[in-house]
Structure formats: C-alpha cells, structure tokens
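Residue numbers (the working numbering): 1029 to 1368.
Think of the CB as a built atom: it goes at the ideal place given N, C-alpha and C, for glycine as much as any other residue.
What follows is a short report on a single structure.
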Ligand SMILES: [Zn+2]
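What follows is the structure, encoded as structure tokens:
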C-alpha cells in the first residue's frame, strides 16, 4: 500500500512535470505560429502602407520575431536621422547620468536661449512647464535643450551605444545598414543631437524598433529574425544579444512617458479604443531641403506588450502621418489575434 502510494505520487509528479514542460514549450512559442496567417497580416500591412514611400516593421518584443517587414530597403538597408524618436535615448541618458528627476520642470516658451543662442521648440506658442513625462508626451524640444545642458555628447553617445544604435542588429536579411553615431559634435550641434537631428546621426527603423522593444520588454535586446517560410518559422529560436544597462525604475519612467504620449500627446493618432498603447512620434528634417520624414515607434498592450511597431514614411510628419498608420497596424494585429 505504501509502495502503491509512492508510485502514485511519482506518477502524479511525472505528469505534473510533463505538463509544466508542455506549458513552457508553448509559452516559448510565438502565438502566430501559423505561417499563412502571418502572411495575411503582412498583406494587411502592405495595404495600410498603400502607395506611400515608407516602411512598416512589426516585432514580437518578447522574442525578436519579426511579424512584418514591409519595404526592406527603407526598413533595414537605409539609415537616416531619427528625429524626435531619439528623445527616448536622450531621456534614458538624462536619467542614467542622474541629470534629472522625472518631476523636474523646465519652462517652454516656444524657444529657449542657451549661451546666447536661440533654439526653437516645434510648438511656437510654447508648452509651458514640462516635466520628463510631459516632455516625452508632447515632444517638447525646449525641455530637452534645457535638461540636456549638462549632458555631454559623449554621455549621450554612450547611452545610444548601450541601446545598440550604430550597431548591426544581425537580422537574417541581406545588406543591413548599421547606422552611425556622431564621433564628435560641437556645443551647437549637441543641441541638434539631443533632439535626434545631429548631422552625423543615422539609424534604421529596425534599430529603433528593437530599441522601443527593449523599453517594452524589460531592457532585453534580441537578434531580429524574419521568417520567409513555414519551415523558418518553425526553426525560430529567440537569441538574446544583451541587456540594457539601465535600472528597471529608470526604464519604467521612459515607458510611462511613451504611454502619456499616446494618451494626450503627439502620438494620440495611435490610440486604440479598448487598449493602452505607448509610443513616440518623430519628424526628422533633411539638411538640404524642406522635406520632413515621419516616424512612429510604439507597442501594445502597455501592461504586457505583445507587439512593437515602427513606421517610417518619407515626406510626412510623425503625429499626422505615422501615428495613424501605427494604429491601423495594431488594430489589424489584434483583430487577427482574436480571430484565431
Ligand atoms: Zn516645447
């Protein structure tokens, strides 16, 4: 009887253990493991991009699996200035170097004078008093110029490097452009650097997607993988590249800024009715000419991110062009997930 009980306990233990392994296996799988359905999502993304010249990227931030890469050339093979999406990096650098507390306020009058020179915010009438969250949400240049006064270009470059900008991601697609960080910047150019407009700063939408994924997922950088067939999807195993050197508390401050940006700031165009979305817009200017390029980086749901997106559009603006496209992509993704 005693032996039978022990055998039963052993059996129960083995069953429980097998069930645990089963759960572990399935929780490690990407949910959209049906390749044909993944293709349907990609087609939807192509439709959303339409005739615009740009790129759409979507990734599972928990493992680095790319769900969509629309227009490889602009998404992976071409780097350009990130504009205000780079304020994510500046905010991280300010926090990492202990230069601001999130509640510290700076006043935006539409412009700010630093060492006798005038630097402009994009909002002519000014944002008034801004703390870190509001400055990320409203993309207030004046906040970043002032908060960044004691931030050196070296410190900003170092944070950008820790977040793998200027680094190849190692994606399984050909001719990746690895982007670049400025080697040296003048005091004047540093003010362009803090708002993502330094002349020598160039990033790919893929690099920025991975960066915002790391904000979403706890600071983890995965090697991005884009499956081109069912076989490749089945063989996919996530590959960890590194962890951000940033405390959890500081990462959460930036994440909160991204939530506020979609709640009331420049990213409202990406808002969904039934889910909290986080994100950041960018409008990067070309140095020769009046054209601007539109950016949006984001993820959802805020509490437990399942998808991160990057939208890049030539000749557009972040708030009015890129953010609404991101909303459509997120909507398509969640409708698709629910219909499974
Ligand atoms: Zn401002």
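Distance from the C-beta of residue 1151 to the nearest heavy atom of ligand 1 is below 7 Å. If you draw a straight line from the Cα of residue 1085 to the Cα of residue 1233, it comes to about 8 Å.
Counting along the chain, residue 1281 sits inside the alpha helix (DSSP H) bounded by residues 1276–1292. A distance below 6 Å between beta-carbons, with the five flanking residues on each side excluded, links residue 1295 to the following residues of its chain, in chain order: 1289, 1307, 1309, 1351.
Checking the DSSP bridge columns, you'll see residue 1145 partnered with 1142.
Annotation: the region 1151–1189 contains the following complete segments of the alpha helix (DSSP H) (minimum length 4 residues), in chain order: 1160–1166, 1169–1175.
The closest heavy atom of ligand 1 lies 7 Å or more from the beta carbon of residue 1192.
The criterion of a C-beta distance shorter than 8 Å is not satisfied by residue 1148 and residue 1156.
1110 is the residue among 1073, 1358, 1098, 1110 whose C-alpha sits nearest the C-alpha of residue 1322.
Taking 8 Å as the upper bound for CB-CB distance, residue 1328 and residue 1069 are not in contact here, some 15 Å apart. The beta carbon of residue 1118 is closer than 7 Å to those of 1172, 1176, 1184, 1222 in its chain, skipping five residues each way along the sequence. By the neighbour-count definition (other C-beta atoms within 10 Å, threshold 16), residue 1218 is a buried residue. Close CB contacts of residue 1312 within its chain, under the 7 Å cut and outside five residues either way in sequence, are with 1108, 1109, 1110, 1111, 1224, 1225, 1320, 1321, 1323 (chain order). Residue side-chain check: residue 1170 places its Cβ nearer than 7 Å to a non-hydrogen atom of ligand 1.
Boundaries for residue 1211: no beta strand (DSSP E) harbours it, and the DSSP string shows neither H nor E there. Residue 1293 has its Cβ no nearer than 7 Å to any heavy atom of ligand 1. By the C-beta density criterion, residue 1153 is exposed, having fewer than 16 other C-beta atoms within 10 angstroms. Contact between the region 1191–1199 and the region 1156–1165 is absent: fewer than 3 CB-CB pairs across the two stretches fall below 8 Å. Note that the C-beta distance between residue 1210 and residue 1229 is below 8 Å. Every alpha helix (DSSP H) stretch that sits fully inside the region 1055–1100 and reaches 4 residues is listed by chain position as 1063–1077. When the five nearest sequence neighbours on each side are left out, the beta carbons in the same chain lying within less than 8 Å of the beta carbon of residue 1300 are those of 1328, 1355, 1358, 1359, 1362, in order along the chain. Counted as a single uninterrupted DSSP element, the alpha helix (DSSP H) harbouring residue 1362 occupies residues 1351–1366.
Here residue 1273 is exposed, its C-beta having fewer than 16 other C-beta atoms within 10 Å.
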